[in-house]
Each structure stands twice: as C-alpha cells, then as structure tokens.
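Undergrad: Submitted below is the structure of interest, expressed as structure tokens.
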C-alpha cells in the first residue's frame, strides 16, 4: 500500500505542476507575493509563513507558476502526513484512501494550487496530530521518542507562524491529552511544558512583531472582527451550512457524519485513542464556528483543518463497515462524486469561455494590466499606481512591467490593510497617481473623494473585464495629479 500511495502522490503532484503552468494567479496569491517582496516577522492580516515559501519558490524567477509552486510543494508533505497519521491510527489502507479523498476534496485541492496561509497551517495541523498520537502511544512512563514532545511544540509554533487558527490545534491537543486519567499523567512530567516552551520560542517572532506594532495583527483578527459582527442573521447561518455542503459536497456528508459519530461513540465506549484524537481536533472548531455563523459571515476555508479529521473518520468508518451494502454503496458514490467535482472544477477554471460571474477574480488581469500599461507613459513623473482594494494593487503589481510598487487606500485616509505599512502617504506629497476603483458603486462619487486629496482628477475611464463575451467586472480608472497628502 505504501508503494501505491507514492504512485498516487507522484501522479497528482505531476498533474498539479502541469496545471499550475496554465492557472492564472489568484488575487490573494498576488497579495501574499507582495508580502514576500517585503519580508518581515509578521504582517497585519496574517503571520509570515506563506510569504517565506513564496520567497523561496520565486528566487529563480517570478511567475504565476513559481507562486503556485509554493502551494504544490506544501501539498506533498501534507499528503504524506495525512497518510502517516491515518496509517498510525488504523492501517495503511485507511491511510491511503484518507490521502486520496482529501486530495480530491475541493477545498484541499484548491489549497494545493493556490498558496495562502492555510497551506502551511494545514501541514502543521496534521503534524501536531501525529505528534500527539505518538507521545500518547509512548505513555507517560515510556522512555520512547520524547523528541516528539518538542516536535509537538515546534509544529504548534510553526503553525502559529502560518495562521492563528492553529490555536484550535493546541486546544485539540489539550483536550486529547487530558481525556483520560492515563493521559493526564503526562502533565506530571516536564515534557508538556517543554513542548509549550518550544511553541512559544518558534512563535516568538510573530509575537514580537505584534508587540512592536501595538498588537496590530492580534487586534485585526479579534476586535476588528468583533466590530464587524451584527445582529443575528439567519442568512449567515444558512450560508455557513451551505458553504460546508458546497466545499465538502452534499453527497459525502452522510458518511462524514456517520464517521464522526462513530469516532465519538468509540472514543467513550471503547476508549479508542485514535477516535478520541480525531474528535479532539475535529469538533471544537466546527462547534465554535456554528454559533458565530449567526452573527458573522464564515469564510469557506475556516473549517478546512477540522474536516481533515472528519474525512479520516469517514474512511475508517467505511472500511470498518464495508460489508454492509448500504455503507459500501454510499462510500463508492461519495468517492465518485468527489472525483467528478475535482475534474469539473479544474476544467471550468481554465476554460476560456466559462466564467463564475462577478466572483471570477482570476480572469482578465493581464488585459487590465495592459490597459494600465498604456496609460503609464502619459503620466507625469513621479507617479504611483493605487487601488481601492488590496486585490487590485496586488494583481497590478504582479502583471505590470517590472513589478512596480503599488499603494493602497491609506493614501486617501482609508484602510489599505498591509499596504498601510509599506508606504507612508506623507512621502508621496506632490506625486501623481493612476488610481483604480472597483466599480461596485458610483464612479463619479469616488472621483469626488479623490478630489479631496489631489489638486485635479480626470473623469473616470471605465474598463470592463470580459470572459466568454460577458462582462464580469468593471473598474474606474482615474488620472490624479499633485497629491496633497492625507493631512488636509
């Protein structure tokens, strides 16, 4: 089965390398690529790990492929980790099919091509699970691989340097290691505390960056999101459930539910450590997001780490009950469904005449950059290229000739996210600008806003992004002259 697994891993990795050569750059990737051009200990939106991997893969040269390569490279150890985890807990057959199922599932397949902070975080999430299982299997009195306690801390710290969601892996580890009298005896040894120290040391650069920037990232991810919460919204809650159905598939949901219920039952009836580990890392995040979804819009990737355990539990349930015709049929249909969705989605993204409507943020950036490129010679120097949303200035920085530095909304007194830290508006006094606005409301009104910060602003020129003959987005392009600064 190990040989079969590595054949699968080689095949799907080869496919991704070929596919990445034709896949356009996602706006989020362009943003994190800009992170990598301004390497730091951390950033406003996220910790730095994704930026470090992008920097590594773009050293030979910057291209959409080299940026996608960061995600592909991370998907390899991630897949191996899933295989090893499920093999340790059950057997190699369950390990193999767990790896296959997770690689075919939309959200994980997407993350294996599009580099985001989730890409490294998911790897370290699974490694934390492996470390927990290994140290527990050794027992508190064992002279076994105590190094795994330190690795547990290192993986947690590295996960924290990837995305803050890893704190739920820390919670999962705590739940698992305190779930029985035998496991609680670990806390009478120094190893859990050494693991905590190791995690803190690895996470220290991110903590220091926050300390030196008034805890900006922690505030951004906590109080800012709290401020965005609203009254109870049933549509948000239904959206959360719909998102789960959409990204994991409505067909596999029954066997996913059966798998996690089987793990819950065996955790308490049989005291099975493998099943206790799965529910410790799978249930808390999903349960936390459930009530939150009543007052806040939950993004589709937020549940991804938790569902790794759900899928392993589902595969284990299937093989434990494959003699039952209903289970066997449900598993086979679910597998077929995931495979079909995998193929269809990969085809639709690159078909030239298909578009996802306004949500198609992959399409048209080269053409749009070509339009901006044609305006650049007309602009008196010095000038900057600015965007009203991080996606705009990030993609333009990537697709324009020579990858110019671009600026964000902070030059007109609004949040530019991480761009706030890269450019001080006061240093641009007297500059001209090509300013691009997402055509989501009145262009004339936004031109009036720009007029408060520049001595003169030309009327907006509209640009329509089209795919398959249909307009999917519109932008307003302004030529702005003699920047006054934000302190009017």
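Numbering (the numbering used here), first residue to last: 158 to 645. We put the beta carbon where it would ideally sit given N, CA and C, even for glycine.
Between 272, 256 and 398, which has its C-alpha nearest residue 223's C-alpha?
TA: Nearest C-alpha to residue 223: 272.
Undergrad: Would you mind reading off the limits of the alpha helix (DSSP H) that contains residue 523?
TA: 522-532 is the span of the alpha helix (DSSP H), which, as asked, contains residue 523.
Undergrad: Which runs of the beta strand (DSSP E) fall wholly inside the region 248-288 and span at least 3 residues, in chain order?
TA: You should have found no qualifying run.
Undergrad: Confirm, please, whether the CB-CB distance from residue 488 to residue 475 is below 8 Å.
TA: Yes, Cβ-Cβ distance for residue 475 and residue 488 is below 8 Å.
Undergrad: Determine the burial state of residue 320: buried for a count of at least 16 other Cβ atoms within 10 Å of its Cβ, exposed for fewer.
TA: Counting Cβ neighbours within 10 Å, residue 320 comes out buried, since at least 16 surround it.
Undergrad: Can you list, in chain order, the residues of its chain whose CB lies under 8 Å from that of residue 490, leaving out five sequence neighbours each side?
TA: Same-chain partners within the cutoff: 408.
Undergrad: Restricting to Cα atoms, I'd like to know which of 533, 554, 636 and 461 is closest to residue 269.
TA: Cα-wise, what sits closest to residue 269 is 461.
Undergrad: So residue 256 and residue 240 are supposed to be a Cβ contact under 8 Å. How far apart are they, rounded?
TA: Sure, about 4 Å apart at Cβ, within 8 Å.
Undergrad: For residue 562, name the three-state secondary structure that DSSP assigns.
TA: It is coil, neither helix nor strand.
Undergrad: Report the three-state DSSP secondary structure of residue 630 (helix, strand or coil).
TA: In the structure shown, residue 630 sits in a strand (DSSP, three-state: E or B).
Undergrad: Residues in the same chain with beta-carbon distance under 8 Å from residue 537, minus the five sequence neighbours each way, listed in chain order, please.
TA: Around residue 537: 589 and 638.
Undergrad: How about residue 610 and residue 571: are their beta carbons less than 8 Å apart?
TA: No, they are not a contact pair.
Undergrad: Can you tell which of 424, 353 and 451 has its C-alpha closest to the C-alpha of residue 307?
TA: Cα-wise, what sits closest to residue 307 is 353.
Undergrad: Between residue 356 and residue 314, what straight-line distance do the alpha-carbon atoms span, to the nearest angstrom?
TA: C-alpha separation (whole angstroms): 4 Å.
Undergrad: In three-state DSSP terms, what is residue 546?
TA: DSSP places residue 546 in coil when its eight states are reduced to three.
Undergrad: On the DSSP letters alone, give me the boundaries of the alpha helix (DSSP H) that residue 116 sits inside.
TA: Because the chain in this structure spans residues 158 to 645, residue 116 falls outside the shown range and cannot be described.
Undergrad: Would you tell me roughly how many angstroms separate the C-alpha atoms of residue 527 and residue 207, rounded to the nearest one?
TA: Residue 527 and residue 207: Cα-Cα distance of roughly 28 Å.
Undergrad: Can you give the Cα-Cα distance for residue 338 and residue 414, rounded to whole angstroms?
TA: Cα-Cα distance, rounded: 28 Å.
Undergrad: For residue 511, which three-state DSSP category applies?
TA: Reduced to three states, the DSSP call for residue 511 is coil.
Undergrad: Identify the continuous alpha helix (DSSP H) that holds residue 404 and give its terminal residues.
TA: 391-405 is the extent of the alpha helix (DSSP H) around residue 404.
Undergrad: Beta strand (DSSP E) containing residue 595: first to last residue?
TA: Segment 589-595, the beta strand (DSSP E) holding residue 595.
Undergrad: Leaving out five residues before and five after residue 454 in sequence, what residues of the same chain have Cβ atoms less than 6 Å from its Cβ?
TA: Answer for residue 454: 393, listed in chain order.
Undergrad: What three-state label does DSSP hand residue 225 in the structure shown?
TA: In this structure, residue 225 counts as helix in the three-state DSSP scheme.
Undergrad: Measuring CB to CB, does residue 202 end up less than 8 Å from residue 552?
TA: For residue 202 and residue 552, no; Cβs fall outside 8 Å.
Undergrad: Starting from residue 618, follow its DSSP beta bridges and name the residues at the other end.
TA: In the DSSP output, where bridge partners are listed per residue, residue 618 has 634.
Undergrad: If contacts are defined as beta-carbon pairs under 8 Å, then residue 604 and residue 617 qualify, I think. What distance do you get, rounded to the angstrom?
TA: Right, their Cβ atoms sit about 6 Å apart.
Undergrad: Within 10 angstroms of the Cβ of residue 231, are there 16 or more other Cβ atoms? Answer buried if so, exposed if not.
TA: Buried, because 16 or more other Cβ atoms sit within 10 Å of the Cβ of residue 231.
Undergrad: In terms of residues, what are the limits of the alpha helix (DSSP H) holding residue 575?
TA: Per DSSP, residue 575 belongs to no alpha helix (DSSP H) and is neither H nor E.
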